[in-house]
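Q:
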RNA sequence: GGACCCGUAGCUCAGCUGGAUAGAGCGUCGCCCUCCGAAGGCGAAGGCCGAAGGUUCGAAUCCUUUCGGGUCCGCCA
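The following block contains the structure:
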């Protein structure tokens, strides 16, 4: 958009290049970049255009760079354009051009940086999707935050986004939940039942013995009395109670999860139930279509090597030819008893997402699902033509690696079985939503991370949450003080957007303006790379620029924002402060973190 | 046996999809408060980007091989 200084100068570069190399292939022109320079000595932006054009034009890069520099030097708002290095052209902007971003920021407000890069393409982002069998723990938290921030980021970049939660309410896990809840129910009725009474009965063993089901059992007893139990409070026949207990427990777990998510500030547009998807026949339909396309066969899989499988025996299963779509083995769709595998159901579900309009299907998954990605990608490639004829559909996975929680320099031991795992609620109580969210987003998702509880609440420089919020609070502090100053006039965003800015010429001020100019470009790049953590790093840098400028004012009184008796330059600086605060708020909004007014 | 992710400063991590002299915080050392918030800032030291080949104008980034760490590989979801 026109707010994006780099995009508009890129357009000029491409135009100028076309005059120098008239028959430049379009695919080469498409690779032209205009990027911020790393070294201020290289000016404000640099382009690789001459390097790219050299080969097809059969001319030396330096020669094209010189010609390009000459073209650009006369361009509006450009102070200098010089060839450099192996064939770059470095562009130095007029200070007035940099100052021009400020009114753009102030007029657009939170919308500054909103882009059209997404072109309205429909993206379905599925995240969290924790089994509805217990409270959320820290393991779920990273995916929740990453997915939520990614969805916000994509929206900001102009994609059409659906945030989705897939409720796995159909499998054996949920049956186990029902049994465990029933056990707690009988205990609530006063029946002396130990674990041993249930371990043998429950499919997969008594998996969910955590305390969190005690109130569920009690509530069930309140709602249904003894009507679900047999004589003397002994277990009744399964059909008597099973459906009732399962629904009750599922509803309870889902409410609990949604409350946890709400505490974390995570919301979804759509909750999709696996059972409803199955009842609608989605999996069967997908299987039938794959079959009709000749992509299924009955076969026998090799046993996995390097893994001990004592009870392995070869048996024929219905297999999907995933290898035709790049997977390394074909994948089973049916268990030996003929029922669908989870994968088969998931194919049906992904078909449903595509049928609902998604052209990009993003699954935010835990690292333990890494082996699942290639098979799902092949499945989507196989079924997309059925659900979206003629429309390209991409499957993407964002894998979130494990989070180790650290306290007092020691790893916090977690065991789900022992019930000592750290719940999401514990974490939020300990460090707060903003710190959890920001900290989780200061690493790229596919790197393992250590979450240091002490650092997340520290009020120091090395805690990026604090550092960024402190910068915002300082901005607000200056603006509050300005509102009390006589003779300044209104200092609202709207008023400051009109203010003359010529007095902004200190190096630290220009550095801050450059940073603000990067924001739209950064949003676009982060969205296209599906990397919300880049927003967090940008904010850290922006806060750094602001803190530096602030401290310059400590050393040199003429650089302070508020100058008594000089309303004009003071207003210009307030515009810069307000612009900084605006972009910080905008970035924090993507991350789902609250800006703070003051930190006393 | 195979697939995917990660190896970058003593530590925790960035590096904008191939660009110029590889960056930040912590830690270490030295500076800056009669002054809009010092809960900050400035400076110094610290690196052959796990290793070896390759691709090209140019590689931490792409390819191959290899060594470490993690995750996974039919009837869990």
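Numbering (the working numbering), first residue to last: 58 to 657.
Glycine residues also receive a C-beta, built at the ideal position from the N, C-alpha and C atoms.
What residues in its chain sit with their C-beta under 8 Å from that of residue 568, if we drop five residues either side in the sequence?
A: For the purposes of this step, residue 568 is identified with residue 511 of the first chain, where counting begins at 1. Answer for residue 568: 97, 602, 605, 606, listed in chain order.
Q: Buried or exposed: which applies to residue 475, given that a residue is buried once 16 or more other Cβ atoms fall within 10 Å of its Cβ?
A: In the first chain, the residue the question calls residue 475 occupies position 418. Confidence is the limiting factor: at residue 475 the pLDDT is only 44, short of 50, which leaves the residue's position unreliable, though a coordinate-based value still follows. Residue 475 comes out exposed.
Q: In the DSSP assignment, find the unbroken alpha helix (DSSP H) run with residue 318 in it and report its ends.
A: Against the first chain, residue 318 aligns to sequence position 261. Residue 318 -> alpha helix (DSSP H) spans 295-320.
Q: Which first and last residues belong to the beta strand (DSSP E) in which residue 330 is found?
A: Translated into positions along the first chain, residue 330 becomes position 273. First-last of the beta strand (DSSP E) with residue 330: 327-330.
Q: Does the distance from the CB of residue 327 to the CB of residue 221 come in under 7 Å?
A: As a first step, residue 327 is located in the first chain; it is residue number 270 there, counting from the start. As a first step, residue 221 is located in the first chain; it is residue number 164 there, counting from the start. Yes.
Q: Rounded to whole angstroms, what's the CA-CA distance from residue 513 to residue 461? Just pull it up for me.
A: Here residue 513 refers to the residue found at position 456 of the first chain. Here residue 461 refers to the residue found at position 404 of the first chain. Rounded to the nearest angstrom, the two C-alpha atoms are 13 Å apart.
Q: Rounded to a whole number of angstroms, what is the C-alpha to C-alpha distance between residue 233 and residue 193?
A: The residue given as residue 233 occupies position 176 in the first chain. The residue given as residue 193 occupies position 136 in the first chain. C-alpha separation (whole angstroms): 17 Å.
Q: I'd like to check one pair, residue 441 with residue 659: are the Cβ atoms closer than 7 Å?
A: Because residue 659 is not part of the residues shown, which for the chain are 58 to 657, the question remains open.
Q: Identify every residue that forms a DSSP beta bridge with residue 456.
A: The residue you call residue 456 lines up with position 399 of the first chain. The partner list for residue 456 (beta bridge, DSSP) reads 422.
Q: With a floor of 4 residues, list each alpha helix (DSSP H) that falls wholly inside the stretch 261-296, ordered by position along the chain.
A: Whole alpha helix (DSSP H) segments, 4+ residues: 271-281.
Q: Give every residue of the same chain whose Cβ lies closer than 8 Å to the Cβ of residue 260, excluding the five residues on either side of it in the sequence, and list them in chain order.
A: What you label residue 260 is simply residue 203 of the first chain in a count that begins at 1. For residue 260, where only same-chain residues beyond five positions count, the Cβ hits under 8 Å are 229, 232, 233, 236.
Q: So for residue 523, helix, strand or coil by DSSP?
A: Counted from its first residue, the first chain places residue 523 at position 466. Residue state, collapsed to three classes: helix.
Q: Could you compute how far the alpha carbon of residue 580 sits from the alpha carbon of residue 213?
A: Position 523 of the first chain holds residue 580. Position 156 of the first chain holds residue 213. Straight-line Cα distance between these residues: approximately 8 Å.
Q: Which same chain residues end up closer than 7 Å to residue 439 when comparing Cβ atoms and leaving out the 5 residues on each side of it in sequence?
A: As a first step, residue 439 must be located in the first chain, where it is residue number 382. The residues are 347, 352, 382.
Q: Whole angstroms is fine: what's the gap from residue 256's alpha carbon to residue 291's?
A: Sequence index remark: in the first chain, residue 256 carries index 199 (1-based). Sequence index remark: in the first chain, residue 291 carries index 234 (1-based). Going from the Cα of residue 256 to the Cα of residue 291 covers about 15 Å.
Q: On the DSSP bridge list, what partners appear for residue 509?
A: The residue given as residue 509 occupies position 452 in the first chain. Its beta-bridge partners are 463.
Q: For the candidate residues 528, 92, 511, whose alpha-carbon lies nearest to that of residue 634?
A: Residue mapping note: residue 634 aligns to position 577 of the first chain, counting from 1. Nearest of 528, 92, 511 to residue 634, Cα basis: 528.
Q: Can residue 208 and residue 218 be called in contact, C-beta distance under 7 Å?
A: Locating residue 208 in the first chain gives position 151, counting from the first residue. Locating residue 218 in the first chain gives position 161, counting from the first residue. Contact flag set, yes.
Q: Touch check for the stretch 568-578 and the stretch 148-164: three-plus C-beta pairs under 8 Å?
A: Yes, they touch.
Q: Quick one: measure Cβ to Cβ for residue 553 and residue 631, integer angstroms, because I've assumed they're closer than 8 Å.
A: As a position in the first chain, residue 553 is number 496, starting the count at 1. As a position in the first chain, residue 631 is number 574, starting the count at 1. Rounded, the Cβ-Cβ distance is 6 Å, consistent with contact.
Q: Of the choices 102, 142, 166, whose alpha-carbon is the least far from that of residue 637?
A: Residue 637 sits at position 580 when you count from the first residue of the first chain. Minimum Cα distance to residue 637 is reached at 166.
Q: Please classify residue 656 as buried or exposed, where buried requires at least 16 neighbouring CB atoms within 10 angstroms.
A: Here the question's residue 656 lines up with position 599 in the first chain. Looking at its Cβ environment, which holds fewer than 16 other Cβ atoms inside 10 Å, residue 656 is exposed.
Q: To the nearest angstrom, how far is the alpha carbon of residue 333 from that of residue 394?
A: Within the first chain, residue 333 is the residue found at index 276, counting from 1. Within the first chain, residue 394 is the residue found at index 337, counting from 1. Looking at the two C-alpha atoms, the distance is approximately 22 Å.
Q: So residue 374 is in the beta strand (DSSP E); what residue range does that whole segment cover?
A: Locating residue 374 in the first chain gives position 317, counting from the first residue. It spans 373-377 - the beta strand (DSSP E) in which residue 374 sits, taken as one unbroken run.
Q: Among 315, 445, 284, 314, which residue has its Cα nearest to the Cα of residue 301?
A: Your numbering for residue 301 matches position 244 in the first chain. When only C-alpha atoms are compared, the closest one is 284.
Q: Is residue 180 near residue 417, with beta carbons less than 7 Å apart?
A: The sequence position of residue 180 within the first chain is 123, counting from 1. The sequence position of residue 417 within the first chain is 360, counting from 1. Result yes, Cβ atoms of residue 180 and residue 417 sit closer than 7 Å.
Q: Three or more C-beta pairs under 8 Å: does that hold for the stretch 302-317 against the stretch 243-253?
A: Touching, no.
Q: From this set, 456, 538, 270, 488, which residue's C-alpha is nearest residue 515's C-alpha?
A: Taking the first residue of the first chain as position 1, residue 515 is located at position 458. Of the listed residues, the one whose Cα sits closest to residue 515 is 488.
Q: Checking the sheet assignment: what are the DSSP bridge partners for residue 113?
A: Here residue 113 refers to the residue found at position 56 when the first chain is read from its first residue. Paired residue(s): none; residue 113 is not in a bridge.
Q: Please confirm whether residue 134 and residue 151 have their CB atoms less than 7 Å apart.
A: Here residue 134 is taken as the residue at index 77 of the first chain, counted from 1. Here residue 151 is taken as the residue at index 94 of the first chain, counted from 1. Closer than 7 Å, so yes.
Q: With DSSP as the reference, identify every bridge partner of residue 355, one or two as the case may be.
A: For the purposes of this step, residue 355 is taken as the residue at position 298 of the first chain. According to DSSP, residue 355 bridges with 375.
Q: Below 8 Å on the Cβ atoms is my guess for residue 335 versus residue 227; work out the distance and round it to an integer in Å.
A: Along the first chain, read from residue 1 onward, the residue named residue 335 stands at position 278. Along the first chain, read from residue 1 onward, the residue named residue 227 stands at position 170. Indeed, because the Cβ distance is near 6 Å, the residues count as touching under 8 Å.
Q: Where do the N-terminal and C-terminal ends of the alpha helix (DSSP H) with residue 160 fall, by residue?
A: Counting from one through the first chain, the residue named residue 160 turns up at place 103. First-last of the alpha helix (DSSP H) with residue 160: 158-165.
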